[in-house]
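Residue numbers (the UniProt record's numbering): 1 to 161.
For reference, the structure discussed in these notes is given below.
See below:
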């Protein structure tokens with residue numbers, strides 16, 4: 001039986017008084033990798049493969065994006081504002097530069113974080129922002145309709161993560 005590694009929820013208070021929740025895996029002295037989860041998910045998305053990443057000598061940091069998992073929502077949030085949260089997290093952990101990986105819906109957020117503190121950046125199965133006007137598959141359109149029409153249902157799923 002495969003058991004996921006125990007994950008401890010860590011939090012920090014951002015300058016605007018929101019809470020940023022995150023998980024870490026590995027040894028803080030190892031090279032850092034920040035993983036930005038997809039939609040709808042949370043910091044726990046990376047838990048299943050974190051033992052392999054740690055065995056490769058990486059210190060994995062997985063934050064919950066605003067409004068996901070245990071992180072506070074951000075009214076009027078934009079992808080362009082997200083790098084500010086990551087900078088605060090890196091400062092909190094004493095990390096000057098990091099590799100960054102965004103999975104699915106975390107891809108646009110990862111790209112927004114590209115800059116002097118990101119030594120390497122990857123996007124895995126990246127999704128375009130909804131405002132990009134790309135054509136979506138039927139299941140994706142249905143899910144987007146649910147988010148707009150019955151947001152409480154989706155919020156309950158995200159909060160459960």
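Heads up, the beta-carbon is just placed ideally off N, CA and C, and yes, glycines get one too.
Note that the coordinates shown come from a computational prediction; the quantities given were computed from them, not determined experimentally.
Asked                                                                                                                                                                                 : Found
Please state whether DSSP places residue 46 in a helix, a strand or coil.                                                                                                             : helix
Just to confirm the assignment, what range does the alpha helix (DSSP H) spanning residue 107 have?                                                                                   : 107 to 112
Can you tell me the Cβ-Cβ gap for residue 36 and residue 102, rounded? I've got them flagged as a contact below 8 angstroms.                                                          : 4 angstroms
Please return the same chain residues whose Cβ sits closer than 6 angstroms to the Cβ of residue 1, not counting the five positions on each side in sequence.                         : For residue 1, the pLDDT reaches just 49, beneath the cut-off of 50, and the residue's location in the model is therefore unreliable, leaving the point undetermined.
Going by the beta-carbon positions, is the gap between residue 20 and residue 111 smaller than 8 angstroms?                                                                           : no
Based on the DSSP output, what are the partners of residue 100 in its beta bridges?                                                                                                   : 34, 121
Please state whether the Cβ-Cβ distance between residue 58 and residue 31 is less than 8 angstroms.                                                                                   : yes
Residue 28 bridges to which residues according to DSSP?                                                                                                                               : Note: residue 28 sits in no beta bridge, so no partner.
Taking only the alpha-carbon atoms, compute the straight-line gap between residue 91 and residue 84 and give it to the nearest angstrom.                                              : 11 angstroms
Just to confirm, is the Cβ distance from residue 42 to residue 64 under 8 angstroms?                                                                                                  : yes
Taking 8 angstroms as the threshold (C-beta atoms), are residue 107 and residue 127 in contact?                                                                                       : yes
Enumerate in chain order the residues of its own chain whose CB-to-CB distance from residue 100 is below 6 angstroms, with the five nearest sequence positions on each side excluded. : 34, 110, 113, 118, 121
So, with DSSP's three-state summary, where would you put residue 66?                                                                                                                  : coil
Cβ atoms of residue 25 and residue 56: under 8 angstroms apart, would you say?                                                                                                        : no
Under 8 angstroms between the Cβ atoms of residue 18 and residue 74?                                                                                                                  : yes
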